[in-house]
Amino acid sequence: MENINFDKIIERKNTNCIKWDNLEQIFGKENITPMWVADMDFKSSNDIIKALSKRTEHGIFGYTKTSDEYYDVFINWIYKKHKWKIDKNWISYVPGVVPGLKLAIYTYTKEKDNILIQTPVYYPFFNVIKNLNRNIVTNPLIYSDNIYSIDFKDLENKIKQYDVKMMILCNPHNPIGKVWSKDDLIKISNICIDNDVLLISDEIHSDLIYENNKHEPIANLNNNIKENSITFYSPSKTFNIAGLQASNAIIPNEYLKKQFDETIEKIGNSMINALSQEAFIAAYKHGELWLEYLIKYLKENINITIDFFNKEIPNSKIITPEGTYLLWINLKNIASEEEIKDILINKANIGLEEGSIFGEDGKGFFRMNIATPKEILLKSLKKIKTSFKNGGLI
Ligand SMILES: Cc1ncc(COP(=O)(O)O)c(C=O)c1O
């Protein structure tokens, strides 16, 4: 068994990494510990690194086909983890989930069509809709007693009122860390089917689930939603290989699949990258144990952070995530979002993301990425406490 050490601090600066090398651009200064974009400060597993090394040693990187093994390891993984039997013919390779969302919007809707999202939500959902000149309709999540739930009445009303053509579901939901229950998913799928709304399900975080929570692929609930949905998966979050770009769209409906593939053909990015394929296969083939260790480590970091906010930052409210390594922290009772952002960046030198970028109902919250070695996490939390104290916030 390899020596897995998530405590090890690895310098990421000067690797063209968005998280650590774009600080001036994102936070206006270099001296920041970044806890924003959703990738991890951990090395990938030895199996992934070895597979990439073996491929690079070969030294020829010509045009590459998608191998049978690529499909097999993915199909096996999704069945083993989520009990969904995917057929190879339902799979279309896309470089990333966000590019996949764009392809789906472009394929199945037209300009000015209304697309529904549930806020607060991963902010590129707003951009992909706007950039393609479609309209955003929001179904704000209900926030009560520090728990989020779906406003189904509003969901159905908005769909009918705005003649919504597509819904983009985020499950598990970023930034609130919610793993939607089977009951919630059945209600969503029934509403979509009854109102002729195509459901796009972004399940990129589905392997980062804690304790007794269980991820349900929405398309596996029944035949109707299977035929009326596109689901996206990727090993990029789970195995920290977002820079390698390999993801899949799952489209069981033959006609929808054909339309999607025609779009891919038109815009010309249908071929897999020689290195991504190796990492993808190694991740799904050998990654199970590594992932077990990772989840344990992430859960420890989550517990440390929750304890810290509960004990040291009075009037903060932090949600225990059921999935993802992103913490959603309500600091509304402490000061304005602007004031807190200023203190975090200019006094604590910590780069979190302010909630308002996830939708106006996220204002006053902050999203913190805890997928970092404990030493970095603990130092960051300490700096937050000191800066809040000195700034008179606590
Ligand atoms: C919900 C969700 N979808 C998609 C992505 C990004 O996907 P990709 O890098 O494959 O485009 C992220 C990254 O944080 C995410 O949280």
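Its first residue numbered 228, the sequence shown is counted upward by one per residue in our numbering. Ideal Cβ placement from N, Cα and C applies to all residues, glycine included.
Open item on the list: Alpha carbons only, please: which of K246, I275, F585, I313 is nearest the one belonging to Y298?
Closed with: Shortest Cα-Cα distance from Y298 to any of K246, I275, F585, I313 involves I313.
TODO: With DSSP as the reference, please indicate the residues paired to N596 in a beta bridge.
DONE: L553
- [ ] Assign E580 to buried or exposed, taking buried as 16 or more other Cβ atoms, counted over all protein chains shown, within 10 Å of its Cβ.
- [x] By the neighbour-count rule (16 or more Cβ atoms within 10 Å), E580 is buried.
- [ ] Mind checking which residues open and close the beta strand (DSSP E) that includes C397?
- [x] 393-397
Open item on the list: Distance check for D266 and N596, CA to CA, integer angstroms please.
Closed with: Taking the straight line from one Cα to the other gives about 8 Å.
Open item on the list: Between which residues of its own chain and A501 is the CB-CB distance below 7 Å, once the five residues before and five after are set aside?
Closed with: R282, F288, T291
Open item on the list: Quick check: the region 473-487 against the region 252-272, are at least 3 beta-carbon pairs closer than 8 Å?
Closed with: no
- [ ] Could you pull out every unbroken beta strand (DSSP E) segment of at least 3 residues lying fully inside the region 424-507, listed in chain order?
- [x] 425-429, 456-460, 474-477
TODO: Check whether the region 605-612 touches the region 232-240, taking contact to mean three or more Cβ pairs, one atom from each stretch, closer than 8 Å.
DONE: no
- [ ] Grab the span of the beta strand (DSSP E) containing N341 for me, first residue to last.
- [x] From DSSP, the beta strand (DSSP E) with N341 extends over 341-344.
Open item on the list: Shorter than 8 Å, the distance from the beta carbon of G514 to the closest heavy atom of ligand 1, or not?
Closed with: no
Open item on the list: What I want to know is whether the C-beta of V325 ends up closer than 8 Å to one or more non-hydrogen atoms of ligand 1.
Closed with: yes
Open item on the list: Please report the distance separating the alpha-carbon of I570 from that of G618.
Closed with: 7 Å
Open item on the list: Taking contact to mean 3 or more Cβ pairs, one atom from each stretch, closer than 8 Å, check whether the region 365-378 and the region 301-309 are in contact.
Closed with: no
TODO: Taking only the alpha-carbon atoms, compute the straight-line gap between I561 and L250 and give it to the nearest angstrom.
DONE: 26 Å
- [ ] Give a yes or no on whether the minimum CB-CB distance between S563 and chain B is below 9 Å.
- [x] Here there is only one protein chain, and chain B is not present.
Open item on the list: Could you tell me the alpha carbon to alpha carbon distance between L448 and Y389, rounded to whole angstroms?
Closed with: 26 Å
TODO: Please report how far the alpha carbon of K568 lies from the alpha carbon of V324, in whole angstroms.
DONE: Rounded to the nearest angstrom, the two C-alpha atoms are 29 Å apart.
Open item on the list: Is any non-hydrogen atom of ligand 1 found closer than 8 Å to the C-beta of H432, if you look at the structure I gave you?
Closed with: yes
Open item on the list: By the DSSP assignment, the alpha helix (DSSP H) with N362 in it spans what residues?
Closed with: Not the alpha helix (DSSP H): N362 falls in the beta strand (DSSP E), residues 362-365.
Open item on the list: Which residue marks the beginning of the alpha helix (DSSP H) containing Y333, and which one marks its end?
Closed with: Where Y333 is concerned, the enclosing alpha helix (DSSP H) stretches over 324-335.
Task: Proximity to N398 [Cα-Cα], best of V424, K387, I344 - done: I344
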